[in-house]
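Peer 1: Can you read through this structure? Questions will come right after.
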Amino acid sequence: MIKPLFGVRAASLSLLILFSLTLGLQGFSMSAHAAVDTFEFATDEQQHRFRTMSDEFRCPMCQNTSLTGSNGGVAEDLRREIYLMIMDGKTDQEIEQFMYERYGDFVFYKPRLKLTTILLWFGPLLFFLVGGWLILGIVRRAKPQEREQVVLNEDEQERLRNLLDTVKDRD
Amino acid sequence: MSRFKLFIPVIVFVAFAVMLWRGLYLDPRTLPSVLIDKPLPEFSLQTVELGDRVVGKADLPDEPFLLNIWGSYCLPCLQENPILMAAAEENLVPIVGVNYKDKLNLAQLWLDDNGSPFEFSILDESGRLGIDLGVYGAPETFVVDGNGVIRYKHIGVIDYETWEDEIMPAIAAVKAESAK
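Chains A and B supply the protein sequences, listed in that same order. Here the first sequence stands for residues 746 to 916, numbered as in this note's numbering. Here the second sequence stands for residues 11 to 190, numbered as in this note's numbering.
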């Protein structure tokens, strides 16, 4: 996760303080998360889901930042929307679908498996397999022709011996 | 035929290279909208101009129109305003605004200062309608047909070229289709 900038942290801390003051909460624990922590959850599980999801959705405006790390207007709105949906009892799938219907694959850091992503992810494997298959075919076709066994008669053997001897003498 | 086979790797390579080359020049900031050919979301919101009156989908034009997302804080909106003004003055196409994450008084001031090309501007102070429209920042402009279906989306400022090359053709296509 991208660490929030100091400004974000300071802003969220002051928001937290304001929030706890207005609600008269005592001993509100302060953590270093971005504006995220100003939401009140009924259960830890809801809070955990919220954190996971805002980490996994990508902010449409500040590209390459998750919803958690982004201070952009849209990210703020989408975090609020996710919070409301969680409190409304929506499942993770329903929330994902909500995001998908509005912002498409772009919002997912882990895009869904579909025709285009299959092509993107497994295309290289296809190329590898086709390439391997082609190479195999070429190698097979280029099988060396069996050479005829060369048989020397006595004269030829004599000449060969002489030749080898002259080479030896030269050394 | 087997001669042709020899060239298959080259052809595949060239096709790939052209595709990737083009990819280098795509703007990563313009996200393809998933809302193309989807109906506009339902809403009931107040407007900048009409006081307490609440408008909804039924109040939108029943002919092709532009839905322009804008805000008084948005500099590119100021930049494209003259083009939208000219289009409205020449009655080329009705334009409805969505005043996105803004304050009513600032929006009114902005319209007084710069002129309004809008039939009216829907007041989306919370940005909730923006989310339903898949908006991620002003300005964004939708071409909507007479049945309230989104047909085209332009992200970012509309300059004269975009108007001529993208927006007008998109409107013309929708109009031609509804004339059939």
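Glycine residues also receive a C-beta, built at the ideal position from the N, C-alpha and C atoms. Nothing here was measured: the structure is a model prediction, and the numbers come from that model.
(1) By the three-class DSSP mapping on this structure, what secondary structure does A/T783 have?
(2) According to DSSP, B/Q56 sits in a beta bridge with which residue or residues?
(3) Taking the C-alpha atoms as reference points, what is the distance between A/F851 and B/L50?
(4) How should B/F26 be labelled, buried or exposed, when 16 other C-beta atoms within 10 angstroms of its C-beta is the threshold for buried?
(5) Under 7 Å, CB to CB, which of the residues in the region 815 to 835 of chain A have a partner in chain B?
(6) I'd like to know whether the C-beta of B/G66 is nearer than 8 Å to at least one C-beta of chain A.
(7) To the nearest angstrom, how far is it from the Cα of A/K913 to the Cα of A/N898?
(8) Which class does B/G33 belong to by DSSP, given the choice of helix, strand or coil?
(9) What is the rounded straight-line gap between the Cα of B/Y170 and the Cα of A/A787?
(10) Grab me the residues of B/W80's own chain with a C-beta within less than 6 Å of its C-beta, minus the 5 sequence neighbours each way, in chain order.
(11) Identify whether B/E73 lies in helix, strand or coil by the three-state DSSP scheme.
(12) Can you list the residues of chain B that A/R904 reaches, using a CB-CB cut of under 9 Å?
(13) For the putative contact between A/M830 and A/I840, defined by C-beta atoms under 8 Å, what is the C-beta separation to the nearest angstrom?
(14) Cβ atoms of B/K163 and B/I46: under 8 Å apart, would you say?
(15) What residues match up with B/P49 in a beta bridge as DSSP calls it?
(16) Between the beta-carbon of B/S167 and the beta-carbon of B/Q89, is there less than 8 Å?
(17) Within 8 Å (strictly less), CB to CB, does A/M798 reach chain B?
(18) Run down chain B in chain order and give the residues with a C-beta less than 7 Å from the C-beta of A/E846.
(19) Report buried or exposed for B/I141, applying the criterion of at least 16 other Cβ atoms within 10 angstroms of its Cβ.
Peer 2: In short, the structure shows the following:
(1) As a first step, residue 783 of chain A must be located in the first sequence, where it is residue number 38. Helix.
(2) If you number the second sequence from 1, residue 56 of chain B lands on position 46. Paired residue(s): B/V64.
(3) Taking the first sequence and counting its residues from 1, the one referred to as residue 851 of chain A is at position 106. Taking the second sequence and counting its residues from 1, the one referred to as residue 50 of chain B is at position 40. For A/F851 and B/L50, the distance between alpha carbons rounds to 20 Å.
(4) Translated into positions along the second sequence, residue 26 of chain B becomes position 16. With fewer than 16 other Cβ atoms within 10 Å, it is exposed.
(5) G818, V819, D822, L823, E826
(6) Taking the first residue of the second sequence as 1, we reach residue 66 of chain B at position 56. No, its Cβ sits nowhere closer than 8 Å to a Cβ of chain A.
(7) Indexing the first sequence from 1 puts residue 913 of chain A at position 168. Indexing the first sequence from 1 puts residue 898 of chain A at position 153. So the alpha carbons of these two residues sit roughly 23 Å apart.
(8) On the second sequence, position 23 is the one that residue 33 of chain B refers to. If DSSP states are grouped into helix, strand and coil, B/G33 belongs with the helices.
(9) Reading the second sequence from its first residue, position 160 is the one you call residue 170 of chain B. Reading the first sequence from its first residue, position 42 is the one you call residue 787 of chain A. Their backbone Cα atoms lie some 52 Å apart in a straight line.
(10) The residue given as residue 80 of chain B occupies position 70 in the second sequence. Closer than 6 Å at the Cβ level, and outside the excluded window around B/W80, lie C87, G107, A148, P149.
(11) For the purposes of this step, residue 73 of chain B is identified with residue 63 of the second sequence, where counting begins at 1. B/E73: coil per DSSP, three-state reduction.
(12) Taking the first sequence and counting its residues from 1, the one referred to as residue 904 of chain A is at position 159. Going along chain B, no residue has its Cβ under 9 Å from A/R904, so there is no contact; the nearest lies around 45 Å.
(13) Mapped onto the first sequence, residue 830 of chain A falls at position 85. Mapped onto the first sequence, residue 840 of chain A falls at position 95. Confirmed, Cβ separation roughly 5 Å.
(14) Translated into the one-based positions of the second sequence, residue 46 of chain B becomes position 36. Translated into the one-based positions of the second sequence, residue 163 of chain B becomes position 153. Yes, they are a contact pair.
(15) Taking the second sequence and counting its residues from 1, one reaches residue 49 of chain B at position 39. B/P49 pairs with B/V159.
(16) One-based indexing of the second sequence puts residue 167 of chain B at position 157. One-based indexing of the second sequence puts residue 89 of chain B at position 79. Note on residue identity: the sequence assigns Val, not Ser, to residue 167 of chain B. Yes. Within cutoff.
(17) Indexing the first sequence from 1 puts residue 798 of chain A at position 53. Output row for A/M798: interface = no.
(18) The sequence position of residue 846 of chain A within the first sequence is 101, counting from 1. Under the 7 Å cutoff, chain B gives V44.
(19) Sequence index remark: in the second sequence, residue 141 of chain B carries index 131 (1-based). When all chains shown are included, B/I141 counts as buried.
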